[in-house]
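Basically our numbering = 1-based index in the sequence shown + 6.
Where a beta carbon is used, it is the ideal one built from N, C-alpha and C, also for glycine.
Input: a single structure, listed below in structure tokens.
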Amino acid sequence: MEKNGSTKIDIPETSRERKGKAPLLGGSGPGPGPAEYAKGAGYKKGIAIFDLILRISAAAAALAATATMGTTEQTLPFFTQFFQFQASYDDLPTFTFFVIAMALVSGYLVLSIPFSIVCIARPHALAPRLLLIIFDTLAVTLATSAAGASTAIVYLAHEGNSGANWLAVCQQFTDFCQKTSTAVVAGFSTVVLLIFLVVLSACALRKHY
Numbered sequence: 007m008e009k010n011g012s013t014k015i016d017i018p019e020t021s022r023e024r025k026g027k028a029p030l031l032g033g034s035g036p037g038p039g040p041a042e043y044a045k046g047a048g049y050k051k052g053i054a055i056f057d058l059i060l061r062i063s064a065a066a067a068a069l070a071a072t073a074t075m076g077t078t079e080q081t082l083p084f085f086t087q088f089f090q091f092q093a094s095y096d097d098l099p100t101f102t103f104f105v106i107a108m109a110l111v112s113g114y115l116v117l118s119i120p121f122s123i124v125c126i127a128r129p130h131a132l133a134p135r136l137l138l139i140i141f142d143t144l145a146v147t148l149a150t151s152a153a154g155a156s157t158a159i160v161y162l163a164h165e166g167n168s169g170a171n172w173l174a175v176c177q178q179f180t181d182f183c184q185k186t187s188t189a190v191v192a193g194f195s196t197v198v199l200l201i202f203l204v205v206l207s208a209c210a211l212r213k214h215y
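Following this line, the structure appears as structure tokens:
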């Protein structure tokens, strides 16, 4: 088209240019939309709520294991002039380690509850979830070693070992053996709950929005 001695050529906009401008005009770049973000937040919040429930249950189990083993003591009604038949958890280093380890685990679980609440309030927060999965894994290791070692001692107390001339003391110290067995069961319950906590944290970290 000619006007005032100049020539202007209209070049139609190509489809490639229109495609390139669409994200800028529409504001829809790559990434999740509001619906997907809300869905991801709901998914993580549900996991965080279940995590809190399991964490409180694990803390209760660990406290029960610590209290049960830490108060285990029995004195037989018969005794001699120079010797009294008594059994206590601190007579065996393994049971002492069990009490210390489970006390540490229960203390950690109680202190970790606020972090679990933070994960409920902020489902997409990454740092609290990473801290929980790291320390939960350490707690699983500590609780498993304590419960496993104590299980071996409880088994020997119930069954004895004829090859090593170890007597089955549970025939006399029935209450002592019953309480130590209960404590070990509570310890393994703590281990199972901690494993579930680690799995939940892994699931929460796997799905990002």
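Check whether residue i and residue j have beta carbons under 8 Å apart
i, j, result
"D142", "L211", "no"
"H130", "K50", "yes"
"L115", "A152", "no"
"V190", "T147", "no"
"S168", "L138", "no"
"G111", "Y95", "The identity of residue 111 in the sequence shown is Val, whereas the question assumes Gly. No. Outside cutoff."
"S207", "R135", "yes"
"L58", "I123", "yes"
"A149", "G193", "yes"
Residue from the options whose Cα sits closest to the Cα of residue i
i, options, result
"V205", "T186, M75, A163, I140", "I140"
"F179", "R61, L60, L69, T81", "T81"
"T102", "Q92, A73, S122", "A73"
"E77", "V197, D181, A133", "The sequence given here has Thr at residue 77, not Glu. Of V197, D181, A133, the residue nearest in Cα terms is D181."
"A177", "A163, L98, S187", "The sequence given here places Gln at residue 177; Ala does not occur at that position. With distances taken between Cα atoms, Q177 lies closest to A163."
"R61", "C209, Q92, A133, F121", "F121"
"G195", "A145, W172, L98, A170", "Sequence check: residue 195 is Ser here, not Gly. Closest by alpha carbon: A145."
Residue i, enclosing alpha helix (DSSP H) - first and last residue
i, result
"P134", "133-165"
"R212", "180-212"
"L115", "99-127"
Helix, strand or coil at residue i according to DSSP, with G and I counted as helix
i, result
"E8", "Reliability of the predicted coordinates at E8 is poor, the pLDDT of 44 falling under 50, and no value is obtained from them."
"R24", "Low confidence applies here, because R24 scores a pLDDT of 45, under 50, leaving its location unreliable; read the following figure in that light. Three-state result, R24: helix."
"T74", "helix"
"L82", "strand"
"S94", "strand"
"A68", "helix"
Rounded distance between the beta-carbons of residue j and residue i, thought under 8 Å
i, j, result
"T100", "I53", "Incorrect: roughly 36 Å between the Cβ atoms, too far for contact."
"L199", "A71", "Not a contact, Cβ separation roughly 12 Å."
"A174", "E165", "6 Å"
"I126", "I55", "6 Å"
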